[in-house]
Amino acid sequence: MKRGKFAILLVAVLLTAAACHYDWIAAEAAAPIDPDQEVSFSATILPLFSENCTSCHKGGGVAPNLTPESAYSQISTSKYINTGSPGQSLIYRAVAPGMSLPGHKTLTSSQAALLLAWISQGAQNN
Amino acid sequence: MKKIIIFLLLVLPFCAIVMAQDETTEPEAPVRDRPVRSPWESGYLIDNPTSLIPVKNTLEFVIQHKFGTIENGRSDLWGLYAAGSNIRLGLNYVLFKNFQVGWGITKKNMYNDFSARWTLLEQTRANRVPVSVTLYGVMAIDGRSQEYYDGMRYNHSSDPYHPLTTYSYRPGQRLSYFSQLLIGRKFSERLSLQAGASFTHYNLVARTGDHDKIGAHLGGRFKFSPQSSLIFNYDVPLKIKNISEQREWIAHPKENLALGLEVSTSTHAFQIYLGTADGIIPQDQMLFNQNDWKDKGLAVGFVITRLWNF
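Line by line, the protein sequences give chains A and B.
According to this note's numbering, the first sequence is numbered sequentially starting from 623.
According to this note's numbering, the second sequence is numbered sequentially starting from 51.
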């Protein structure tokens, strides 16, 4: 009998512990990104910066300078990029939908996805 | 740390199964101070459980129904003919003294819920035990079709807005848990009140939601004739920053207020009420209720129980 009770407790504990997730329903707007597809800095990220950011983030403007000549050297520091946990990178957090700096420019979720994918792939100057 | 707390909160009601078993195997202590008679009329107080658990081997059948909200007035007969109604059919069985298990199916999300309720302390007549203490746990499985789940993409990261969402469905996403501690007291033949605290967890939520929620509960009855009482419930999902995963309160669940009338006999209880939540199982109410009682969010509902003894 003792053993039986212990078994019940164990099963209950295991069931509860094993079944505890913290999952989210993802945004439907974001286009799925193929993790194997390489995101190029010069072909994808720079145009994204020029289109959305350089009106303010330019030489003599707000740091970081995101113009094509200086963007890579400006952001390839641990302050802006964290390849270990890409979602924590400031360059991403500052502009990702739902988490951007208060009142700051926000990218669409698919643009943010590209930026994040680029960081996840090592934030290379490719 | 958070994980450990959550784990304990969830496991508590299940441990009750084991401990309740222990109690029945012990010889009966000599009776000196007996439990108060009928602190409540039934095991339900609108949307909450009570401390009242019928004698061992009692089977209970319950029908819980909520109509649509009254906001459209005459056009759908104050919600009675509205499309958005919800219904739960449930069976409860008393396994041991003061320990009941239950199973039910709800229309909304086709929840299958499994519950356990244990009244570990009963208020006694001579007041040696001044209050009753009840533990309640509910595990529910969202029973919607697989197509519904396959139609969405998921994110298993700790960041609701993480855009790399090539993650897949996993069956645990259908599960949710609710555990509650209730303390009640029959103050007089007319007045009984109970207060409680609860913990809710869903394995899957929308990006603007929280997986965990702590709630506060208050309920009571005022008996005005031998068979009739006024009853109420007030359940509040608390805004606690520490356990929230959101930076601001977007669509925070609304409190659930219900006021009703109860008519009962020894084997039946009938409750009709005007209340807020459209969900019936408690975890759904605590996390997803968006009806606001201050803003036309009230609907008519009823609870009917029938008991059989074996």
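Yeah, the Cβ is synthetic: ideal placement off N, Cα and C, and Gly gets one too.
Small disclaimer: the values here were computed from a predicted structure and weren't measured.
(message) By the three-class DSSP mapping on this structure, what secondary structure does Gln743 (chain A) have?
(response) DSSP places Gln743 (chain A) in coil when its eight states are reduced to three.
(message) Rounding to the nearest angstrom, what Cα-Cα distance links Leu738 (chain A) and Pro708 (chain A) in this structure?
(response) Distance between the alpha carbons of Leu738 (chain A) and Pro708 (chain A): 6 Å.
(request) Would you please verify whether the beta carbon of Tyr131 (chain B) is less than 7 Å from any beta carbon of chain A? (result) Not closer than 7 Å to any Cβ of chain A, the Cβ of Tyr131 (chain B) fails to qualify, so no.
(message) With a threshold of 7 Å between beta-carbons, can Pro724 (chain A) be considered close to chain B, or not?
(response) Closer than 7 Å: no.
(message) Which residue marks the beginning of the beta strand (DSSP E) containing Asp262 (chain B), and which one marks its end?
(response) Judged by DSSP secondary structure, Asp262 (chain B) falls within the beta strand (DSSP E) whose first and last residues are 262-275.
(message) Rounding to the nearest angstrom, what Cα-Cα distance links Arg224 (chain B) and Glu295 (chain B) in this structure?
(response) Straight-line Cα distance between these residues: approximately 20 Å.
(request) For the alpha helix (DSSP H) holding Ala693 (chain A), just list the boundary residues, first then last. (result) Where Ala693 (chain A) is concerned, the enclosing alpha helix (DSSP H) stretches over 693-697.
(request) Could you please give the first and the last residue of the uninterrupted alpha helix (DSSP H) stretch that includes Phe237 (chain B)? (result) DSSP places Phe237 (chain B) outside any alpha helix (DSSP H), giving it a letter other than H or E.
(message) Using C-beta distances below 7 Å, list every residue in its chain close to Ser672 (chain A), excluding the 5 sequence neighbours before and after it, in chain order.
(response) Here the set comprises Pro690.
(request) Measuring only between beta-carbons, confirm whether Pro89 (chain B) sits less than 7 Å from chain A. (result) Cβ-Cβ to chain A under 7 Å: no for Pro89 (chain B).
(message) Can you look up Glu312 (chain B) in the DSSP assignment and give me helix, strand or coil?
(response) Three-state result, Glu312 (chain B): strand.
(request) Examine chain A for any beta-carbon lying closer than 7 Å to the beta-carbon of Leu170 (chain B), and answer yes or no. (result) Interface criterion not met: the Cβ of Leu170 (chain B) is under 7 Å from no Cβ in chain A.
(request) Return no unless some Cβ of chain B is closer than 7 Å to the Cβ of Ala641 (chain A). (result) With 7 Å as the cut-off, Ala641 (chain A) counts as an interface residue toward chain B.
(message) Can you give me the C-alpha to C-alpha distance between Ser731 (chain A) and Thr666 (chain A), rounded to a whole angstrom?
(response) Roughly 15 Å separates the two Cα atoms.
(request) Go through its chain and collect everything with a Cβ distance to Ile120 (chain B)'s Cβ below 8 Å, but skip five positions before and after it. (result) Cβ neighbours of Ile120 (chain B) beyond the five flanking positions: Trp128, Gly129, Leu324, Lys346, Leu348, Ala349, Val350.
(message) Here's the rule I'm using: 16 or more other beta-carbon atoms within 10 Å means buried, otherwise exposed. How should Asp200 (chain B) be labelled?
(response) Label assigned to Asp200 (chain B): exposed.
(request) Can you give me the start and stop residues for the alpha helix (DSSP H) that Asn674 (chain A) sits inside? (result) Start and end: 668-674.
(request) Establish whether the CB of Ile647 (chain A) and some CB of chain B are separated by less than 7 Å. (result) With 7 Å as the cut-off, Ile647 (chain A) counts as an interface residue toward chain B.
(message) According to DSSP, simplified to helix, strand and coil, what is Leu348 (chain B)?
(response) Residue state, collapsed to three classes: coil.
(message) Could you tell me the alpha carbon to alpha carbon distance between Trp168 (chain B) and Lys263 (chain B), rounded to whole angstroms?
(response) In this structure, the alpha-carbon of Trp168 (chain B) lies about 22 Å from that of Lys263 (chain B).
(request) Compare the beta carbon distance of Arg235 (chain B) and Trp646 (chain A) with 7 Å and say whether it is the shorter of the two. (result) No; because the gap between Cβ atoms is not below 7 Å, this pair is not in contact.
(request) Tell me whether Leu737 (chain A) sits in a helix, a strand or coil according to DSSP, three-state version. (result) Three-state DSSP puts Leu737 (chain A) in a helix.
(message) Could you tell me the alpha carbon to alpha carbon distance between Glu73 (chain B) and Glu172 (chain B), rounded to whole angstroms?
(response) Only weak support exists for where Glu73 (chain B) lies, its pLDDT of 48 falling under 50; the value from the coordinates is given anyway. Here the alpha carbons of Glu172 (chain B) and Glu73 (chain B) stand approximately 14 Å from one another.
(message) Strictly under 7 Å for the Cβ-Cβ distance: is Tyr644 (chain A) near chain C by that measure?
(response) Here the protein chains are A and B, and chain C is not one of them.
(request) List the endpoints of the continuous beta strand (DSSP E) containing Arg138 (chain B). (result) DSSP places Arg138 (chain B) inside the beta strand (DSSP E), whose first and last residues are 136-146.
(request) May I have the straight-line CA-CA distance separating Ala735 (chain A) from Gln340 (chain B), to the nearest angstrom? (result) Approximately 31 Å, taken between the alpha carbons.
(request) Report the option in B:Gly310, B:Arg297, B:Pro287 whose CA atom is closest to the CA atom of Lys304 (chain B). (result) Closest by C-alpha distance to Lys304 (chain B), out of B:Gly310, B:Arg297, B:Pro287, is B:Pro287.
(message) Does the CB of Ala166 (chain B) have a neighbour CB from chain A at under 7 Å?
(response) Contact of Ala166 (chain B) with chain A is not assigned, every C-beta pair being separated by 7 Å or more.
(request) Return helix, strand or coil for Phe249 (chain B), following the three-state DSSP convention. (result) Of the three classes helix, strand and coil, the one that applies to Phe249 (chain B) here is strand, per DSSP.
(message) Residues in the same chain with beta-carbon distance under 8 Å from Glu76 (chain B), minus the five sequence neighbours each way, listed in chain order, please.
(response) Only weak support is given to the placement of Glu76 (chain B): the predicted model assigns it a pLDDT of 47, under 50, and the question is left unresolved by the model.
(message) So, with DSSP's three-state summary, where would you put Glu110 (chain B)?
(response) Strand at Glu110 (chain B).
(message) Whether or not the segment 351-358 of chain B and the segment 268-281 of chain B are in contact is what I'm after, with contact meaning three or more pairs of Cβ atoms, one per stretch, closer than 8 Å; do they touch?
(response) Too few Cβ pairs lie closer than 8 Å, so no.
(request) List the residues of chain A that Gly222 (chain B) touches, going by C-beta distances under 7 Å, in chain order. (result) Neighbours of Gly222 (chain B) across chain A, judged by C-beta separation under 7 Å: Ala641, His643.
(message) Please tell me whether Ala327 (chain B) and Gln335 (chain B) are closer than 7 Å, where the distance is taken between their beta carbons.
(response) Yes, the Cβ-Cβ distance between Ala327 (chain B) and Gln335 (chain B) is below 7 Å.
(request) Taking all protein chains shown into account, decide if Ala651 (chain A) is buried (16 or more other Cβ within 10 angstroms of its Cβ) or exposed. (result) With a pLDDT of only 47 at Ala651 (chain A), under 50, the local geometry of the prediction cannot be trusted, and no value is derived from it.
(message) Which residues in chain A have a C-beta closer than 8 Å to the C-beta of Asn253 (chain B)? List them in chain order.
(response) Residues of chain A passing the Cβ test: Ala641, Cys642, His643, Tyr644, Asp645.
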